[in-house]
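Visitor: I have a structure I would like to understand better, so I am pasting it below and will then ask my questions one at a time.
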Amino acid sequence: MQQIAHNLKEDTLGFHTAIYVRFRLQNNELLSKLLSQTNLGNTYVLIWTTTPWSLLGNQAVAVNEKSKYLFVKLSSTNDIYMVAESLLNNIKKFVPFSNNQFEIIGNCLGSELSGLSYNHPIYNDQQKYPIVISDHVTDELGTGFVHIAPAHGSDDFLLSIKHNLQCVNAVNLTGHLNCPSIESLHGRNALDTSDGIQAILKHLNSDVLHHYEFIHSYPYDWRAKKPILILGSQQWFIDTTRLRDNARKYIVDNVTIFPEGAEKSFLSMTAQRPYWCISRQRCWGVPIPAFYTKDDRKELVINEEIIEHLIKCVQQKDSIDFWWSSDDIKELLPASMHNQAENLERGKDIFDVWFDSGSSFNSVLKDFNCQADLYCEGHDQFNGWFLSSLLLSTAIQSRAPFSNIFVHGFVVDKNNQKMSKSIGNVIQPSQMIFGGGKEKFSENGFDVCREWVTRESYKPQCKASSDDLNKANKRVYDIRNVFKFLIGNLYDFEPDKHSISNENLAALDRYMAYRLHQILTTYHTDFDQYKMYHGLIAVEDFLQGDISSFYCSVTKDRLYCDPSDSYLRRSTQTVFYLLLKCLNERFAPVMPYLAQELHDELSVIENKQKKINDVFENKFTFLNNELCEIPPELASAMSIVLHLRDTYHGILQNRRPILFDILLHLSDRAKLQFKQLQDVLGKHPSTVKLNFWHPLEELLRCSHVHERSLSDLATDLTGENISSVDLPLIDDKFNYIMKIQYNSLHSCPRCRLQVSEKENELCVRCFTYSQKCIFKNKIEQQQKMALSFSTANKFLLNNQQILRSVLISSIRYKQRGHIPDNLVEHHRQSPLGKLKAGAAVGAFPPKNDTDKELRSTPHDFKYVFPDFLPNPLPYLRDRILERLERRDMFRRRQQIDIPEFYVGSVLAVTSADPYAPNRRHRFVGICLQRERHGLKHQFTLRNIVDGLGVEIIYELYNPTITKIEVLKLERRLDDNLAYLRDAPPEYCTFPFDMEPVKLPPGAGVPLNTIQVPITSIHWQYKWERHDLKGVLLPPLPRSVRKAAKRYAEPWRQWDIMRQYRTEIHDDEKAEIYEDIEKHKEDLAQYRIDSKENVKITRARPKSGARKAIFNDSQQSNTSTTQ
């Protein structure tokens, strides 16, 4: 019987007929012995079946050897029936002895029935049909007896092999009864109640004791979703019983299966593997090279000579298709068998595809002794490719074809359903990477998808949903942020020049290098054992826990406030470099794009003359032997410190740790250990550091640590006590009570530590360093300019961290080859730059006196001509492109009159439209916003038409626009009126025949101070969170007001880079304004010349005028030409 994939399902074809039918037992000595009678009469086995058509293929009756069976004698007919004891009460409802006119005359176990035989209920032959024992028979339903039709069930088929039963098909391939000896049955529809079933019931006549309608569970084809009938057929088999024991031995002795626990499942499947059917009936695939005689016997003809001949044919024709396409069968036979060709026909069976794939080792692994290091597939392949490969290799080469097996799970949808085209829940990898699909995935990228696969692949079911991918995206984003912090603090670090030797690393840095070694060891162990998910999780947890939450937090003071070349700072940078180098190489197999990006940045830091372009060209970096171990006293000290840190931060919860002092009340024994701990942590040459902040305080992030005796505990309970804890540590050797209280000192304006004697006064360290020029960096752009900050100005000192971020960003731009244009000029425009008059001499270099004097721009220039202002972000600037675009914009303004207008003005725009009447379309509306730069500048008009809001976005320089009219020129309180979409319609309603509103001569542009009410409908944006002056909001709940205040971004007033990111420098705006004014003058002269030159049908500017319009300056003309 061919193995098929199907599922049991309640049939949708309707009700079927279930029957109770009797099989007459043949009298023999065993039956007489069981009944203790010699005059037996008619004795029957009672059978219940839901497929009456299968009775035509019946070959045996099965019983359970442990079940108890009764002999029931009817009073009316003296007939004896055998039924299971547990099912008698259920049977009485249907069969004729339901009137209780019967008696139980005997009983026996199922094992005692073996040896009995019966007459077939359909055929009137004298053949003996046996009663056999089978474990698949139960006494939960039916009668306890199961009729066996080997051609129509897998259990029946296996039982027929065991007892050498015939395999007779009750139906043919079209679903009709196959019974040539009985004309009344042959050819009828097997499933049709009114045809085949009715004929069977009529033929059985009195042997049917009861029949009724029943909903039957038929096997359904998993692909076609249709009910099927199982038939027996002639097939090729491999006798797996001769291979199973050796195959199991090879798995146990020579094969490692990952993940752990999967080996038990594989061994179980191997032991239970039945006969392997290797033939299929299809017209494509690899044919089984067998021939059959044309007579009724269909004898098999196959030998080694035939196979060798076919191998040569395949090599010559480079294909196996000739087996099907050849018209002359002699081509398929060796010459010695041509005389038999007329009596032979080719076989139509092909090999099972699992036979093809299972024998692949014998072809592709010839250079590797036909054994692979690793087989990788899903867990369903234990019964597929893994097992077929193992059985064939056991038969051919007496060993396993693999040394290792890695088993992964299946991707399922968010409802844990398997992917199916018919269901329509298939998720393409491209959707997970680039976004989209029914799940509406965000654009995650390759790294996120690979990270998700690595973490989830070991699970039996890998759920692919947008939530799971978003979590992976968050993890990768966090990894990038940690790497950005680490590499951002190496901007002035050169490994060959600034690295600290291993033995001289500070205690914390030495400990983190040792932790790195432990993680690398775990990583390589896990990857060598194919536990990629475990190794990745270990590295990610180390990065987020030990490095981000602990190490980076603790060392910020060193990095930001110590001198740039201090010992502690260089020690930390050394370990930062090791962390980046080692972890990036370990992340590379999972997240190659992130690793390559970081590799490129590290190459810049390393100043490599010959840059290695690919991160995978590097060998793994391992730590030196000195860093692979740490002194026992340092390990013990760090264990105590980390425990104290967890206790301290657990008590504080969300409070700032630096605001509190720790009072440690210690026993005498603990005091000795505490002194040793301080000595171990303080072994470094940074004497300045020791004088103001001990390493223990740095690790705990507290202000100070005070040592006390346990006896002083009662006298030290004064003051503001936050909390206390009493915990033993390390086998009761270090007993302490921790008491926490607010620190009485003040915060230093520079380092933010609670170490200053007076408010707003520098601590000793910061004052000492500031006298030696606390912060100095050089930025080069066309000229060298040094920025140094004096300690005399408190405002500068209080914003030292902001200034540091500005300069670090500048240095990063410099390293990447694109320094922001006019960065120093932007500093002059910033709030800090405006303080230069009160700062010390040299705070900012003076402006060059030779700078070109430009006329000042009007204050509303950026609102009238936003299209001429380039993008303020330096990395999006292109000077030559900007000049070329400006020239094209002037040319366009020469063809059409583009008036000056503001956001809030009412405009009428006429544009060409091939589908409009007269091929012209005119729209009137209020200008909501103006956005984008240069030729791409666009503005949005809104109007209410027939009660619906209509918005059209126009490109200002689009050639389809033929006319722009300003019907009402005015300004509003805000430069973006998008909130009108949520305003009442009357604020956006304008008639299309609106007449222009003329302003009085000499009057300026009016400012409309109206405040627009926002309706109570769902708003498009949370307007309360924006600083809008022209909006009148309805009363808001308190929670909404609090949220608005929280999200209002009050920090923007301290963001000195905001102006740099959002506005063009005044000098550059003045230069653009000069070009615009010059264009206006040239345009006026051009129009005068055009009117005078009436002979020219199409007005063009004179050559001199054109040159005047577009020749900005000699220098700009040269750059444009280039």
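The opening residue of the sequence shown carries number 1 in UniProt numbering; numbering runs sequentially from there.
Backbone N, C-alpha and C define an ideal beta-carbon position, used for all residues, glycine too.
These figures come from a predicted structure and were not determined experimentally.
#1: Any idea what DSSP makes of residue 532, helix, strand or coil?
#2: Please work out which residues of its chain come closer than 6 Å, Cβ to Cβ, to residue 377, disregarding the five sequence neighbours upstream and downstream, and give them in chain order.
#3: Leaving out five residues before and five after residue 394 in sequence, what residues of the same chain have Cβ atoms less than 7 Å from its Cβ?
#4: Buried or exposed: which applies to residue 124, given that a residue is buried once 16 or more other Cβ atoms fall within 10 Å of its Cβ?
#5: Could you pull the DSSP bridge partners for residue 378 from this structure?
#6: Which runs of the alpha helix (DSSP H) at least 4 residues long sit entirely within the region 382-467? Give them in chain order.
#7: Pairing CB atoms from the region 441-449 with CB atoms from the region 396-406, are three or more of them under 8 Å?
#8: Starting from residue 218 and walking both ways along the beta strand (DSSP E), at which residues does that stretch end?
#9: Going straight from the alpha carbon of residue 902 to that of residue 1037, what length do you get?
#10: Between which residues of its own chain and residue 94 is the CB-CB distance below 8 Å, once the five residues before and five after are set aside?
#11: Buried or exposed: where does residue 406 fall if 16 or more other Cβ atoms within 10 Å of its Cβ makes it buried?
#12: Tell me the rounded alpha-carbon separation between residue 201 and residue 69.
#13: Apart from the five residues on each side of it in sequence, which residues of its chain come closer than 7 Å, Cβ to Cβ, to residue 480?
#14: Grab the span of the beta strand (DSSP E) containing residue 927 for me, first residue to last.
#15: Can you tell me whether residue 277 is helix, strand or coil according to DSSP?
#16: Looking at the secondary structure, which residues open and close the beta strand (DSSP E) in which residue 147 lies?
#17: Go to residue 344, then tell me how far its beta strand (DSSP E) extends in each direction, as first and last residue.
#18: In angstroms with no decimal places, state the Cα-to-Cα distance between residue 634 and residue 677.
#19: What's the gap between the Cα of residue 742 and the Cα of residue 471?
#20: In whole angstroms, give me the CA-to-CA distance for residue 562 and residue 766.
#21: Can you find at least 3 beta carbon pairs, one from the region 882-901 and one from the region 940-949, that sit closer than 8 Å?
#22: What did DSSP end up calling residue 67 once you bin it into helix, strand or coil?
#23: When we look at the beta-carbon of residue 925 and count the other beta-carbons within 10 Å, is it buried (16 or more) or exposed?
#24: Taking 8 Å as the threshold (C-beta atoms), are residue 712 and residue 665 in contact?
#25: Of the residues 617, 917, 284, which one's Cα is nearest the Cα of residue 351?
#26: Have a look at residue 339 and residue 298 and give me their C-alpha separation to the nearest angstrom.
#27: Drop a sphere of 10 angstroms on the beta-carbon of residue 115, count the other beta-carbons inside from all chains shown, and report buried for 16 or more, exposed for fewer.
#28: From the DSSP output, read off the bridge partner residues of residue 48.
#29: Between residue 904 and the rest of its own chain, which residues show a CB-CB distance below 8 Å, the 5 nearest in sequence each way excluded?
#30: Along the chain, where does the alpha helix (DSSP H) containing residue 240 start, and where does it finish?
#31: With respect to 7 Å, is the separation between the Cβ of residue 707 and the closest non-hydrogen atom of the ligand FMN below this value?
#32: If you compare alpha carbons, which of 1006, 141, 155, 431 is closest to residue 132?
#33: To the nearest angstrom, report how far apart residue 491 and residue 585 are at their CA atoms.
#34: With DSSP as the reference, identify every bridge partner of residue 754, one or two as the case may be.
#35: What alpha helix (DSSP H) runs, 4 residues minimum, are completely inside the region 569-623?
#36: Check each candidate in 346, 181, 45 and name the one with the smallest Cα separation from residue 79.
Guide: Taking the geometry as given:
#1: As a first step, residue 532 must be located in the sequence shown, where it is residue number 532. Residue 532: helix per DSSP, three-state reduction.
#2: Counting from one through the sequence shown, the residue named residue 377 turns up at place 377. The answer, listed in chain order, is 385.
#3: On the sequence shown, position 394 is the one that residue 394 refers to. Taking residue 394 as the centre and dropping the five residues before and after it, the same chain places the C-beta of 243, 246, 247, 250 closer than 7 Å to its C-beta, in chain order.
#4: As a working mapping, residue 124 is identified with position 124 in the sequence shown. Label assigned to residue 124: exposed.
#5: Walking along the sequence shown from the start, residue 378 turns up at place 378. In DSSP, residue 378 forms a bridge with 408.
#6: List check, alpha helix (DSSP H) in window: 385-397, 429-434, 446-456.
#7: Contact fails between the region 441-449 and the region 396-406, because fewer than three Cβ pairs, one in each stretch, are under 8 Å apart.
#8: Against the sequence shown, residue 218 aligns to sequence position 218. Unbroken beta strand (DSSP E) run through residue 218: 217-221.
#9: As a first step, residue 902 must be located in the sequence shown, where it is residue number 902. As a first step, residue 1037 must be located in the sequence shown, where it is residue number 1037. Distance between the alpha carbons of residue 902 and residue 1037: 35 Å.
#10: By 1-based counting over the sequence shown, the position of residue 94 is 94. The answer, listed in chain order, is 20, 209, 210, 212.
#11: As a first step, residue 406 is located in the sequence shown; it is residue number 406 there, counting from the start. Counting other Cβ atoms within 10 Å of its Cβ, residue 406 reaches 16 or more and is therefore classed as buried.
#12: The count along the sequence shown starts at 1 and reaches residue 201 at position 201. The count along the sequence shown starts at 1 and reaches residue 69 at position 69. Taking the straight line from one Cα to the other gives about 27 Å.
#13: Against the sequence shown, residue 480 aligns to sequence position 480. The residues 594, in chain order, have a CB closer than 7 Å to that of residue 480 in the same chain once the five nearest residues on each side in sequence are set aside.
#14: Within the sequence shown, residue 927 is the residue found at index 927, counting from 1. First-last of the beta strand (DSSP E) with residue 927: 920-931.
#15: The sequence position of residue 277 within the sequence shown is 277, counting from 1. In the three-state reduction of the DSSP assignment, residue 277 falls in the strand class, which pools E and B.
#16: Here residue 147 corresponds to residue number 147 of the sequence shown, with the count starting at 1. If you look at residue 147, you'll find it in the beta strand (DSSP E) that goes 146-148.
#17: In the sequence shown, counting from the first residue as 1, residue 344 sits at position 344. Run containing residue 344: 344-346, per the beta strand (DSSP E) assignment.
#18: Here residue 634 refers to the residue found at position 634 when the sequence shown is read from its first residue. Here residue 677 refers to the residue found at position 677 when the sequence shown is read from its first residue. Rounded to whole angstroms, residue 634 and residue 677 show a C-alpha spacing of 8 Å.
#19: Mapped onto the sequence shown, residue 742 falls at position 742. Mapped onto the sequence shown, residue 471 falls at position 471. Between residue 742 and residue 471, the alpha-carbon positions lie close to 39 Å from each other.
#20: What you label residue 562 is simply residue 562 of the sequence shown in a count that begins at 1. What you label residue 766 is simply residue 766 of the sequence shown in a count that begins at 1. Between residue 562 and residue 766, the C-alpha separation is close to 9 Å.
#21: The region 882-901 is not in contact with the region 940-949.
#22: On the sequence shown, position 67 is the one that residue 67 refers to. Residue 67 carries a coil assignment under DSSP once its states are collapsed to helix, strand and coil.
#23: Numbered from its first residue, the sequence shown carries residue 925 at position 925. With 16 or more other Cβ atoms within 10 Å, it is buried.
#24: By 1-based counting over the sequence shown, the position of residue 665 is 665. By 1-based counting over the sequence shown, the position of residue 712 is 712. Yes; because the gap between Cβ atoms is below 8 Å, this pair is in contact.
#25: Along the sequence shown, one-based indexing puts residue 351 at 351. Measuring from the Cα of residue 351, the nearest candidate turns out to be 284.
#26: Within the sequence shown, numbered from 1, the residue matching residue 339 stands at position 339. Within the sequence shown, numbered from 1, the residue matching residue 298 stands at position 298. Taking the straight line joining both Cα atoms gives about 18 Å.
#27: Mapped onto the sequence shown, residue 115 falls at position 115. Counting C-beta atoms within 10 angstroms of its own C-beta, residue 115 has fewer than 16 neighbours from the protein chains shown and is therefore classed as exposed.
#28: Indexing the sequence shown from 1 puts residue 48 at position 48. Looking at the DSSP assignment, residue 48 forms a beta bridge with 20.
#29: Indexing the sequence shown from 1 puts residue 904 at position 904. Only 926, 927, 970, 971, 972, 977, 1008 meet the Cβ criterion.
#30: Start at 1 with the first residue of the sequence shown, and residue 240 comes out as number 240. Per DSSP, residue 240 belongs to no alpha helix (DSSP H) and is neither H nor E.
#31: The ligand FMN is not part of this structure, which contains no ligands at all.
#32: Sequence index remark: in the sequence shown, residue 132 carries index 132 (1-based). That would be 155, whose Cα lies nearest to the Cα of residue 132.
#33: As a position in the sequence shown, residue 491 is number 491, starting the count at 1. As a position in the sequence shown, residue 585 is number 585, starting the count at 1. Per the coordinates, the alpha-carbon of residue 491 lies some 20 Å from the alpha-carbon of residue 585.
#34: Residue 754 sits at position 754 when you count from the first residue of the sequence shown. Answer by DSSP bridge pairing, in chain order: 747.
#35: The region 569-623 contains these whole alpha helix (DSSP H) runs: 592-606.
#36: Position 79 of the sequence shown, counted from the start, is the residue given in the question as residue 79. Among 346, 181, 45, the Cα nearest to that of residue 79 is on 45.
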